[in-house]
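What follows is a set of notes on a single structure, which appears directly below.
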Amino acid sequence: MIQKELMTVTSQTEIAHNIYEMTLQGTLVDEMNEPGRFVHLKTGDDMIPLLRRPISIARIEQEKQEFTMIYRAEGAGTIALAKKRAGDKVDVLGPLGHGFPVEEAKSGQTALLIGGGIGVPPLYELSRRLNAHGVKTIHVLGFQNQEAAFYTEQFLALGETYVATVDGSLGEKGFVTDVVRNHGITADIFYSCGPTLMLKAVEQLHAAPRGYISLEERMGCGIGACFACVCHPAQDESGTAYLKICSDGPVFPAGEVAL
Amino acid sequence: MNRLSIELPGLSLKNPVMPASGCFGFGREYSQLYDLGSLGAIMIKATTEEPRYGNPTPRVAETPAGMLNAIGLQNPGLEKVIENELEWLKQFDVPIIANVAGSMTEDYVAVAKEISKAENVHALELNISCPNVKTGGIAFGTVPETAKELTKRVKEVSDVPVYVKLSPNVTNIVEMAKAVEDGGADGITMINTLIGMRIDVKTARPILSNRTGGLSGPAVKPVAIRMVYEVSQQTRLPIIGMGGISTVEDIIEFYLAGADAVAVGTANFVNPFVCPELIEQLDQYLEAHNINHISELKGRSWK
Chain A
1 MIQKELMTVT SQTEIAHNIY EMTLQGTLVD EMNEPGRFVH LKTGDDMIPL
51 LRRPISIARI EQEKQEFTMI YRAEGAGTIA LAKKRAGDKV DVLGPLGHGF
101 PVEEAKSGQT ALLIGGGIGV PPLYELSRRL NAHGVKTIHV LGFQNQEAAF
151 YTEQFLALGE TYVATVDGSL GEKGFVTDVV RNHGITADIF YSCGPTLMLK
201 AVEQLHAAPR GYISLEERMG CGIGACFACV CHPAQDESGT AYLKICSDGP
251 VFPAGEVAL
Chain B
1 MNRLSIELPG LSLKNPVMPA SGCFGFGREY SQLYDLGSLG AIMIKATTEE
51 PRYGNPTPRV AETPAGMLNA IGLQNPGLEK VIENELEWLK QFDVPIIANV
101 AGSMTEDYVA VAKEISKAEN VHALELNISC PNVKTGGIAF GTVPETAKEL
151 TKRVKEVSDV PVYVKLSPNV TNIVEMAKAV EDGGADGITM INTLIGMRID
201 VKTARPILSN RTGGLSGPAV KPVAIRMVYE VSQQTRLPII GMGGISTVED
251 IIEFYLAGAD AVAVGTANFV NPFVCPELIE QLDQYLEAHN INHISELKGR
301 SWK
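Protein sequences, first through last, are from chains A and B. Using full-length UniProt numbering, the letters of the first sequence correspond one by one to residues 1 to 259. Using full-length UniProt numbering, the letters of the second sequence correspond one by one to residues 1 to 303.
What follows is the structure, encoded as structure tokens:
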């Protein structure tokens, strides 16, 4: 069930340059049953900014009724959010959308998780669940540079982890796709989240026979009513078919969406 | 007597609050959140004869206390709206107002004729004011004589009363209202969005792929109030007022300006529970202020 709740901030830390990790507490966490779904937040109490901000869920701790999200403070909304402190309230709507299907990877199989920038966070909860499910995970994380990198240690604790930065200041110089190619990494299934151009390149890698990608787009309502975040399906003879990223996605089977 | 119930042409409303067209899809998403039967009515997303994909993304851009949208009338087309959406909506005890759009007179007539036969469609809302399509739409909404002719043609084929949705992007809103009244309209809904634009200062390019879009949200409310105030004094037609409503005080303001009912648009995106919340708060407001019936407030700013 989608719920709206005034949740309590339990912690907020800047973990990389302009990258914040915020943990929120409330009963809405009981509804979080799948990695890759997102929450839609009011970042301020007034009318500026007016719309909510969609942010992915990085970690779910149901026993503590807490979830963690990692976001980049970039526009007016996320900059306002970054000013919140422990004890402050945030108006949260969620959980929204369809997430990564964990059960598509079988126990004993290997899953390749490829994340770019602010697309990395939802892969963390995914990796935790895959590992709990007996799936071996390989992580390939791409960042702009060392300053913008985060959670590399946390991913390493869950499995083999490669890091790529555009300027080579951390890990290997280049893109996530270069790392996968250079090391000849293959898996039974892949899961990926990041900029659309990266997702397109990841699909073309064919590092696994099948996979799932998570898309990003400007959103209005976040629940499928406003038609702001539509995309074309890969197969569509009519030209009028559409998928809503917020409610049909944000996670889609690889190859289903025209990127 | 229920202090919120309202009788309008074709519409027996248990309360005067309804979601505005384009901000509520066909109701499916919001039905996961609350009983759609609690709403006064539902103005469904604009329906065209053929399916439309609409404009490329980005389709929305935020503005201070508002937003620009350029969706471009995306909808599955007349046939699917009747078969799937209106059929599905029958499970709820709520009258539907079908928003009818097109590029040419014949398109409007074709959609109006068929969609007005659906048993839960109690009224049409003629969309002559969408700013985001290349042809039709807005032209019908800015030339009084054209608007009048279109209203007349649609009235000839519609089985239910016809409300015309006015565009604020005109020099003289009263002239437009009188024109559709002459054309036989049963009511007016107002206002649609104001044409606006945002430019990305980093790239120097418009943010919306359509370049311009329709401005909605609290930012446009004063414009809507002024227009309802003017039109309600100059026509006999009932008015469903809209434009930036997000609080119960906003609803009261529209009534004082001269509205007979109200629609809530952009606020549904900010708070998906806003309509049922406003209905409850409106009843409490009337009780607290010793107002026997909401209609007592109509036009009080000029009467």
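Here a beta-carbon is modelled for each residue, glycine too, at the ideal position from N, C-alpha and C. In this text the structure is predicted, and so the values were computed from the model without any measurement.
Quick one: measure Cβ to Cβ for residue i and residue j, integer angstroms, because I've assumed they're closer than 8 angstroms.
i: Ala110 (chain B); j: Glu49 (chain B); result: 5 angstroms
i: Asp88 (chain A); j: Val39 (chain A); result: About 16 angstroms separates the two Cβ atoms, so there is no contact after all.
i: Ile252 (chain B); j: Tyr285 (chain B); result: 7 angstroms
i: Pro95 (chain B); j: Leu36 (chain B); result: With a Cβ gap of about 11 angstroms, Pro95 (chain B) and Leu36 (chain B) do not count as contacting.
i: Arg59 (chain A); j: Leu41 (chain A); result: Not really, about 16 angstroms apart at Cβ, beyond 8 angstroms.
i: Ile114 (chain A); j: Val176 (chain A); result: 5 angstroms
i: Thr57 (chain B); j: Val230 (chain A); result: 7 angstroms
i: Ser127 (chain A); j: Phe150 (chain A); result: In fact, because the Cβ distance is near 14 angstroms, the residues do not count as touching under 8 angstroms.
i: Lys136 (chain A); j: Thr152 (chain A); result: Their Cβ separation, rounded to whole angstroms, is 18 angstroms, which puts Lys136 (chain A) and Thr152 (chain A) out of contact at 8 angstroms.
i: Ile128 (chain B); j: Ser167 (chain B); result: 7 angstroms
For residue i, list the residues DSSP reports as bridge partners.
i: Cys231 (chain A); result: A:Leu243
i: Tyr212 (chain A); result: A:Tyr191, A:Pro253
i: Gln25 (chain A); result: A:Thr8, A:Glu66
i: Thr212 (chain B); result: B:Met197
i: Pro206 (chain B); result: B:Ile199
i: Thr43 (chain A); result: Answer is none; Thr43 (chain A) lacks a bridge partner.
i: Tyr163 (chain B); result: B:Glu125, B:Gly187
i: Gly94 (chain A); result: A:Gln3
i: Leu36 (chain B); result: DSSP, once it has assigned bridges, lists no residue as partnering Leu36 (chain B).
i: Tyr20 (chain A); result: A:Glu14, A:Tyr71
In or out: residue i buried (at least 16 other Cβ within 10 Å) or exposed?
i: Met1 (chain A); result: exposed
i: Asn99 (chain B); result: buried
i: Ala267 (chain B); result: buried
i: residue 309 (chain B); result: For residue 309 (chain B) there is no data in the structure shown, the boundaries of chain B being 1 and 303.
i: Ala157 (chain A); result: exposed
i: Lys173 (chain A); result: exposed
i: Val262 (chain B); result: buried
i: Glu79 (chain B); result: exposed
i: Val166 (chain A); result: exposed
i: Asp250 (chain B); result: buried
i: Pro218 (chain B); result: buried
i: Asp248 (chain A); result: buried
i: Thr161 (chain A); result: buried
i: residue 291 (chain A); result: Limits of chain A in this structure are 1 at one end and 259 at the other, which puts residue 291 (chain A) out of reach.
i: Glu181 (chain B); result: buried
i: Ala118 (chain B); result: buried
i: Lys155 (chain B); result: buried
i: Val274 (chain B); result: buried
If you follow the alpha helix (DSSP H) that residue i is part of, which residue opens it and which one closes it?
i: Glu85 (chain B); result: First-last for Glu85 (chain B): undefined, no H or E at that position.
i: Cys173 (chain B); result: It is Ile, not Cys, that sits at residue 173 (chain B) in the sequence shown. Unbroken alpha helix (DSSP H) run through Ile173 (chain B): 173–182.
i: Ser56 (chain A); result: From DSSP, Ser56 (chain A) is part of no alpha helix (DSSP H) but of the beta strand (DSSP E) over 53–56.
i: Glu253 (chain B); result: 248–257
i: Ala201 (chain A); result: 196–205
Secondary structure at residue i, three-state DSSP: helix, strand or coil?
i: Phe155 (chain A); result: helix
i: Lys14 (chain B); result: coil
i: Arg72 (chain A); result: strand
i: Phe140 (chain B); result: helix
i: Asp178 (chain A); result: helix
i: Gly117 (chain A); result: helix
i: Tyr162 (chain A); result: strand
i: residue 361 (chain B); result: Not covered by the structure: residue 361 (chain B). The range shown for chain B is 1 to 303.
i: Arg28 (chain B); result: helix
i: Gly243 (chain B); result: coil
i: residue 261 (chain A); result: Any answer about residue 261 (chain A) is impossible in this case: the structure gives chain A only from 1 up to 259.
i: Lys148 (chain B); result: helix
i: Leu259 (chain A); result: coil
i: Val263 (chain B); result: The identity of residue 263 (chain B) in the sequence shown is Ala, whereas the question assumes Val. Three-state result, Ala263 (chain B): strand.
i: Asn75 (chain B); result: strand
i: Pro56 (chain B); result: coil
i: Gln3 (chain A); result: strand
i: Pro122 (chain A); result: helix
i: Ala101 (chain B); result: coil
i: Lys303 (chain B); result: coil
i: Thr63 (chain B); result: strand
With respect to the beta strand (DSSP E) encompassing residue i, which residues constitute its N-terminal and C-terminal limits?
i: Asn268 (chain B); result: First-last for Asn268 (chain B): 267–270, but that is the alpha helix (DSSP H), not the beta strand (DSSP E).
i: Asn2 (chain B); result: Element bounds for Asn2 (chain B): n/a, residue is neither H nor E.
i: Glu230 (chain B); result: Note, Glu230 (chain B): premise wrong, no beta strand (DSSP E); alpha helix (DSSP H) at 221–234.
i: Phe143 (chain A); result: 136–143
i: Met67 (chain B); result: 66–69
i: Leu282 (chain B); result: Per DSSP, Leu282 (chain B) belongs to no beta strand (DSSP E); it is in the alpha helix (DSSP H), 274–288.
i: Lys84 (chain A); result: From DSSP, Lys84 (chain A) is part of no beta strand (DSSP E); its letter is neither H nor E.
i: Asn33 (chain A); result: Careful: Asn33 (chain A) lies outside any beta strand (DSSP E) and carries neither H nor E.
i: Ile60 (chain A); result: 59–61
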